[in-house]
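*Asks:* Mapping to our numbering: the sequence shown position 124 is 129, numbers consecutive. Glycine included, C-beta positions come from ideal geometry on N, C-alpha and C.
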Amino acid sequence: MKTLYECLFGKGKRLFGFSSFFVFLLGLTLTTSAGPKPAVFWGEATARVEGKSIVVRARLRNDQTDVWRLFGPDRVVFSAMVVDGSGNPVPNCSGEVGFAYPVPQGTWATVDAMRIQAPSLPGRYTVLVGPVRYPAGARRGVALDVKQVEIVIP
């Protein structure tokens with residue numbers, strides 16, 4: 006009786022000094038390790054300091070299989086949060102805004118002028134932006150994707 010290896014590759018076959026089975030496993034690993042499709046395709050994301058505020062603008066496409074809903078269980082909002090150079094959130098410098106309409110798969114959404122408070126201390130900061138899903142009954146959201154935008158507070 007033949008083994009699975011012998012059925013697939015024949016007995017004792019080698020490719021570049023490696024067994025055919027090893028080459029098969031390597032190819033299988035390389036073709037399946039790409040992971041799941043990203044939830045978001047980014048068109049753009051910008052953050053600009055205006056006085057004591059940061060104005061965030063973004064254009065993104067829903068590449069998930071479901072609709073980003075405005076209300077109810079599994080609602081999706083657009084979120085922005087400022088972090089310092091160590092990656093720690095800056096207090097009171099974050100916010101969320103709902104999309105203007107439900108966003109079906111493959112549809113583009115625009116966040117035109119979301120304002121959040123700017124840090125009070127000068128320096129370099131990162132604004133983390135992206136859609137956040139609130140599963141039914143959850144108090145905390147789950148980021149579907151995050152884009153980083155660098156800013157400088159003069």
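Using only CA atoms, which one of Glu49, Arg138 and Ser125 lies nearest to Asn97?
*Replies:* Working through the sequence shown from its first residue, we reach residue 97 at position 92. With distances taken between Cα atoms, Asn97 lies closest to Ser125.
*Asks:* Going straight from the alpha carbon of Arg66 to that of Gly128, what length do you get?
*Replies:* Position 61 of the sequence shown, counted from the start, is the residue given in the question as residue 66. Position 123 of the sequence shown, counted from the start, is the residue given in the question as residue 128. Taking the straight line joining both Cα atoms gives about 32 Å.
*Asks:* Let me know the secondary structure DSSP gives Asn97 once reduced to three states.
*Replies:* Mapped onto the sequence shown, residue 97 falls at position 92. Looking at Asn97 - three-state DSSP - the assignment turns out to be strand.
*Asks:* What did DSSP end up calling Thr37 once you bin it into helix, strand or coil?
*Replies:* Numbered from 1 along the sequence shown, position 32 holds the residue referred to as residue 37. Low confidence applies here, because Thr37 scores a pLDDT of 37, under 50, leaving its location unreliable; read the following figure in that light. In the structure shown, Thr37 sits in a helix (DSSP, three-state: H, G or I).
*Asks:* Report the partner residues of Gln122 according to the DSSP bridge assignment.
*Replies:* To locate residue 122, count along the sequence shown from 1; it is residue 117. Bridge partners of Gln122: Ser58.
*Asks:* By DSSP's criteria, Arg129 is part of a beta bridge. Which residues make up the other side?
*Replies:* For the purposes of this step, residue 129 is taken as residue 124 along the sequence shown, with counting starting at 1. According to the DSSP secondary-structure assignment, Arg129 is paired through a beta bridge with Val157.
*Asks:* If you check the beta carbons only, do Gln122 and Gln69 fall under 8 Å apart?
*Replies:* Within the sequence shown, the letter at position 117 stands for residue 122. Within the sequence shown, the letter at position 64 stands for residue 69. No, the pair does not count as a contact, with Cβ atoms beyond the cut-off.
*Asks:* Just to check my reading of the structure: Ser99 and Met86 have Cβ atoms closer than 8 Å, yes? What is that Cβ distance to the nearest angstrom?
*Replies:* As a first step, residue 99 must be located in the sequence shown, where it is residue number 94. As a first step, residue 86 must be located in the sequence shown, where it is residue number 81. Right, the Cβ-Cβ distance comes to about 4 Å (below 8 Å), so this counts as a contact.
*Asks:* May I ask you to report which of helix, strand or coil DSSP gives Asp117?
*Replies:* Your numbering for residue 117 matches position 112 in the sequence shown. Looking at Asp117 - three-state DSSP - the assignment turns out to be strand.
*Asks:* Quick one: is Ala63 buried, meaning 16 or more other Cβ sit within 10 Å of its Cβ, or exposed?
*Replies:* Here residue 63 corresponds to residue number 58 of the sequence shown, with the count starting at 1. Its Cβ being crowded by 16 or more others within 10 Å, Ala63 is buried.
*Asks:* Which residues in the same chain as Gly142 place their Cβ atom closer than 6 Å to its Cβ, once the five residues preceding and following it in sequence are excluded?
*Replies:* Along the sequence shown, read from residue 1 onward, the residue named residue 142 stands at position 137. Correct list: empty, nothing qualifies.
*Asks:* Determine the burial state of Ser84: buried for a count of at least 16 other Cβ atoms within 10 Å of its Cβ, exposed for fewer.
*Replies:* As a first step, residue 84 must be located in the sequence shown, where it is residue number 79. The residue is buried, with at least 16 neighbouring Cβ atoms inside 10 Å.
*Asks:* Taking all protein chains shown into account, do 16 or more other C-beta atoms lie within 10 angstroms of the C-beta of Ala50, making it buried, or fewer, making it exposed?
*Replies:* The residue you call residue 50 lines up with position 45 of the sequence shown. With a 10 Å radius around the Cβ and a threshold of 16 neighbouring Cβ atoms, Ala50 comes out buried.
*Asks:* Let me check understanding here. Comparing Cα to Cα, which of Gly146, Arg138 and Leu133 lies closest to Lys152?
*Replies:* By one-based count along the sequence shown, residue 152 stands at place 147. Nearest of Gly146, Arg138 and Leu133 to Lys152, Cα basis: Leu133.
*Asks:* Can you grab the Cα-Cα spacing for the pair Val81 / Val154, in whole Å?
*Replies:* Mapped onto the sequence shown, residue 81 falls at position 76. Mapped onto the sequence shown, residue 154 falls at position 149. If you draw a straight line from the Cα of Val81 to the Cα of Val154, it is about 21 Å long.
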